[in-house]
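Scroll down for the structure; my scribbles are underneath it.
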Amino acid sequence: MFGYMGKILRINLTTGVITKEDLDFELAKKFIGGRGLGTKIFSDEVDPKVDPFASENKIIFINGPLTGTATPTGGRYMVVTKSPLTGTIASSNSGGEWGAYLKYAGYDAVIVEGKANLPVYINIENDKVEILPALDIWGKYTSITSAMLKEKHPDSKVLTIGPAGEKLSQMAAIMNENDRTAGRSGVGAVMGSKNLKAITVSGNQKPVIAKPDGLKAVTKECRSLIKENGVTGEGLPTYGTAVLVNIINEHGVYPVNNFQTGGDPNAEAVSGETLTEKYLLKRNPCHHCPIGCGRWVKSEKHPDGIGGPEYETLWVFAGDLGINDMEIVIDANFWCNELGIDTISAGATLAAAMELYQRGYITDEMLDDDVILKFGNADSVIHWLKKMGNREGFGDMLARGSYRLADFYGVPEYSMSVKKQDLPAYDPRGIQGMGLQYATSNRGGCHVRGYLISPEILGLPEKLDRFELAGKPTWVKIFQDLTAVIDSSGLCLFTSFALGAQQYADMLNETLGTDWSAEELLLAGERIWNLEKLFNLEAGILPEEDTLPPRFLEEEMPDGPTKGWVHKLDEMLPLYYAERGWDEDGIPTEERLIALGLL
Amino acid sequence: MGIKIKLFATFREGRGKVVEMDYIPGMTGQDVIDHLGITASEIAAIIVDGVDGKVDAMLTVHIKKDGYLAIFPPVAGG
Chain G
24 MFGYMGKILR INLTTGVITK EDLDFELAKK FIGGRGLGTK IFSDEVDPKV
74 DPFASENKII FINGPLTGTA TPTGGRYMVV TKSPLTGTIA SSNSGGEWGA
124 YLKYAGYDAV IVEGKANLPV YINIENDKVE ILPALDIWGK YTSITSAMLK
174 EKHPDSKVLT IGPAGEKLSQ MAAIMNENDR TAGRSGVGAV MGSKNLKAIT
224 VSGNQKPVIA KPDGLKAVTK ECRSLIKENG VTGEGLPTYG TAVLVNIINE
274 HGVYPVNNFQ TGGDPNAEAV SGETLTEKYL LKRNPCHHCP IGCGRWVKSE
324 KHPDGIGGPE YETLWVFAGD LGINDMEIVI DANFWCNELG IDTISAGATL
374 AAAMELYQRG YITDEMLDDD VILKFGNADS VIHWLKKMGN REGFGDMLAR
424 GSYRLADFYG VPEYSMSVKK QDLPAYDPRG IQGMGLQYAT SNRGGCHVRG
474 YLISPEILGL PEKLDRFELA GKPTWVKIFQ DLTAVIDSSG LCLFTSFALG
524 AQQYADMLNE TLGTDWSAEE LLLAGERIWN LEKLFNLEAG ILPEEDTLPP
574 RFLEEEMPDG PTKGWVHKLD EMLPLYYAER GWDEDGIPTE ERLIALGLL
Chain X
3 MGIKIKLFAT FREGRGKVVE MDYIPGMTGQ DVIDHLGITA SEIAAIIVDG
53 VDGKVDAMLT VHIKKDGYLA IFPPVAGG
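Order-wise, the sequence lines are chains G and X.
When we follow my numbering, the leftmost residue of the first sequence carries the number 24, and every step to the right adds one.
When we follow my numbering, the leftmost residue of the second sequence carries the number 3, and every step to the right adds one.
Right under this line is the structure:
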């Protein structure tokens, strides 16, 4: 078996039984790895109707076949489980080094089942796998947890949850190497529900490559393409993802005050250019990454530097809250990492709370202290973020995410979310394809299931009219399917700014000894997308949940270059379903499922 | 009164954040980038008076009196 390590580790925390199983190579090839293979294993083993916090839910940490190889950005892993935030399939991706180290330990995946009686962590060192007590690290912030575990296992990489995961916040994240995050869909809370604090991993094995010389040549070609590309060779290395602040703002789709408007005249204060000029200490790349978009930045409170912030974090703790203070953004990023909480959902929930306050649903009397949740109140951000992560006082309400918060007050329409997951930093009224992508994403509101911002705003691979509807369903399907391939391969999505389906097929073929064409690979992506959809339907996610918050469908953008626009989902959704070969309710047809090898 | 050109990312190097130019009736984006020493192939996105589109097409649009441009090199993220 080439590329894969051929072993899956299964750990039952209820019984303490640890087994090592052979990877089914044919199944792996059909679903590639990572998000695809993880979803296949998960949906075969877990009842889609399972309570995400029940011991019967499982959580899978799974690599792609290119994770741990020399391919550019080949170091990513995926966390697959049922989401406590959305009730859908969750697959949350992270970079850093942890995934590569899991491969070096000899495993393609770790399947964690059951629930421990007391807090534990898992230590993996090649063949040695042990469940160890975690009472001393339970309750600790993530950086302290990592430091304590590094003392015990100095050669290991540490993946851990923070207090938010322990306390079952639906927006809890999983952190590795302190500042890399499987951030979305509340995967950290599933670890917490199992009393699993952390997984440490180390090893000294390497995957066997089918055609080492061929992979070397393809890797060299892909690295050249990445280096020569204006985005991956210059824009991202120089400014990080923060460079998006200005271009998104100038197009009038930079959400301000919980998406009430689409532009901020003072956004420059939190832009990538400002971050680079005044706060950047150094680049902070992931495993084998020639792009190096990760930042290491300083601030008054963090003079030695911290990892981050990314564009989404800059937006959500600035424009979305009516604030423009880089010091606060960096501090909020720090606290999200320490608490183990998704920056997007955390900030978006604060934004929803501020709108609920603006409209009188939350009053001063309801808050258990005098720090008012009001747009523009910079003092409120870190205060309420800490209370959210620790579930203290009114922070317990916030920890459930914006949908559950707004729904509690009877006005879920003030949650800017899809399938209860908070939307990222792009107002869909001015980016029609992106809005269709939000509505149809299998894990709810998300930008990294099909990044239509590329063609609609950034002109990559070609500039599309962002207001045009014609053709967008086709673009959305292709982007979603290709993204599923990349997520399953073990590479970073950002490689797709420079590489195409053929390059991914070449890297996989040289690694695995397969003979995928680009078309066959996209078909595998479509297979994965349909498998996720089937899980969601069986989980009880209704077709009518393929929608957007009413604000985007009914309220015209009030000003700026997107003024007067609403999102025209109704006109595109039937065409999207037809493009996918689904029926008019968005249910995959038997004919299409047979063609994809899913029936 | 003139027009305002907002520059971003690497386009700021040696030019600054904002450049102002005298307005000449009929002037286009192409006239502006010629003045700035930027070629069309270096531009990934351009907005002229609040409207965006394909770069080549936007460079032929007549700029309004007191108008503005925003010009971006290849950038991305997510």
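Beta carbons are placed, not taken as given, at the ideal position from N, Cα and C, and that holds for glycine.
Values in this document were obtained by computation on a predicted structure and should not be read as measured data.
Buried/exposed call for residue i, threshold 16 Cβ in 10 Å
i: Glu22 (chain X); result: exposed
i: Lys442 (chain G); result: buried
i: Ala448 (chain G); result: buried
i: Gln648 (chain G); result: Because residue 648 (chain G) is not part of the residues shown, which for chain G are 24 to 622, the question remains open.
i: Leu303 (chain G); result: buried
i: Ala493 (chain G); result: exposed
i: Val53 (chain X); result: exposed
i: Asn289 (chain G); result: exposed
i: Gly4 (chain X); result: exposed
i: Val133 (chain G); result: buried
i: Leu158 (chain G); result: exposed
i: Thr204 (chain G); result: buried
i: His37 (chain X); result: exposed
i: Ser117 (chain G); result: buried
i: Arg207 (chain G); result: buried
i: Gly59 (chain G); result: buried
Residue i (DSSP reduced to helix, strand or coil)
i: Thr570 (chain G); result: coil
i: Arg246 (chain G); result: helix
i: Lys56 (chain X); result: coil
i: His470 (chain G); result: coil
i: Ile26 (chain X); result: coil
i: His64 (chain X); result: strand
i: Glu44 (chain G); result: strand
i: Asn116 (chain G); result: strand
i: Pro308 (chain G); result: coil
i: Lys234 (chain G); result: coil
i: Lys23 (chain G); result: Nothing about residue 23 (chain G) can be reported from this structure: the residues present for chain G run from 24 to 622 only.
i: Ser225 (chain G); result: strand
i: Pro496 (chain G); result: helix
i: Val77 (chain X); result: coil
i: Lys163 (chain G); result: coil
i: Lys321 (chain G); result: coil
i: Gly215 (chain G); result: helix
i: Ile480 (chain G); result: helix
i: Met28 (chain G); result: coil
i: Leu158 (chain G); result: coil
i: Leu9 (chain X); result: strand
i: Pro611 (chain G); result: strand
i: Met194 (chain G); result: coil
i: Thr336 (chain G); result: helix
8 Å Cβ cut-off: residues of chain G touching residue i
i: Ile49 (chain X); result: Glu273, His274 and Pro584
i: Ala14 (chain X); result: In the sequence as displayed, the identity of residue 14 (chain X) is Arg instead of Ala. Going along chain G in sequence order, the residues near Arg14 (chain X) (Cβ under 8 Å) are Glu296.
Partners in chain X for residue i, counting only beta-carbon separations shorter than 8 Å
i: Leu544 (chain G); result: Ordered by position in chain X, no residue passes the 8 Å Cβ test against Leu544 (chain G), which lies about 21 Å from the chain.
i: Tyr334 (chain G); result: Gly79 and Gly80
i: Ser477 (chain G); result: Ala78
i: Phe417 (chain G); result: Neighbours of Phe417 (chain G) on chain X: none; closest Cβ ~32 Å, over 8 Å.
i: Pro257 (chain G); result: Correcting the residue identity first, residue 257 (chain G) is Glu in this sequence and not Pro. Simply Thr12, Pro75 and Pro76.
i: Leu483 (chain G); result: Ala46, Pro76 and Ala78
i: Val320 (chain G); result: Neighbours of Val320 (chain G) on chain X: none; closest Cβ ~15 Å, over 8 Å.
Contact set between residue i and chain G, taken where Cβ atoms lie within less than 7 Å
i: Lys56 (chain X); result: Lys486
Residue i: contacting residues in chain X (beta-carbon distance under 7 Å)
i: Val254 (chain G); result: Pro76, Val77 and Ala78
i: Phe520 (chain G); result: Ala78
i: Tyr474 (chain G); result: Gly80
i: Gly506 (chain G); result: According to the sequence displayed, residue 506 (chain G) carries Thr and not Gly. The premise fails here: Thr506 (chain G) is roughly 11 Å from chain X at the closest Cβ pair, so nothing lies under 7 Å.
i: Asn269 (chain G); result: Phe10
i: Val266 (chain G); result: Ala11, Val77 and Gly79
Neighbouring residues, chain X, relative to residue i (Cβ below 9 Å)
i: Tyr262 (chain G); result: Ala11, Thr12, Val77 and Gly79
i: Leu516 (chain G); result: Gly80
i: Ile501 (chain G); result: Going along chain X, no residue has its Cβ under 9 Å from Ile501 (chain G), so there is no contact; the nearest lies around 17 Å.
What residue ranges within the segment 417-467 of chain G form continuous alpha helix (DSSP H) runs of no fewer than 4 residues, ordered along the chain? 418-421, 425-431 and 455-463
**Request:** Jot down the residue ranges of each uninterrupted alpha helix (DSSP H) in the segment 48-98 of chain G, minimum 4 residues, whole runs only, in chain order.
**Result:** 48-54 and 57-68
* Which residues, taken in chain order from the segment 295-311 of chain G, show a beta carbon closer than 8 Å to some beta carbon of chain X? -> Answer set for the segment 295-311 of chain G: Gly295 and Glu296.
Item checked: Under 7 Å (Cβ pairs) to chain G, residues found in the segment 23-52 of chain X -> Ala46, Ala47, Ile49 and Gly52
Ranges of the beta strand (DSSP E) found wholly within the segment 248-275 of chain G, counting only runs of at least 3: none
**Q.** Near-chain X residues of the segment 444-473 of chain G (beta-carbon distance less than 7 Å), N- to C-terminal order
**A.** His470 and Val471
- [ ] Kindly provide the ranges of any beta strand (DSSP E) runs that are 3 or more residues long and lie completely inside the segment 499-584 of chain G, ordered along the chain.
- [x] none
Runs of alpha helix (DSSP H) wholly within the segment 359-410 of chain G (minimum 4 residues, chain order)
366-381
- Query: Quick one, which residues of the segment 322-354 of chain G are near chain X if we go by CB-CB under 9 Å, in chain order?
  - Reply: Of all residues in the segment 322-354 of chain G, Glu333, Tyr334 and Glu335 have a Cβ within less than 9 Å of some Cβ in chain X.
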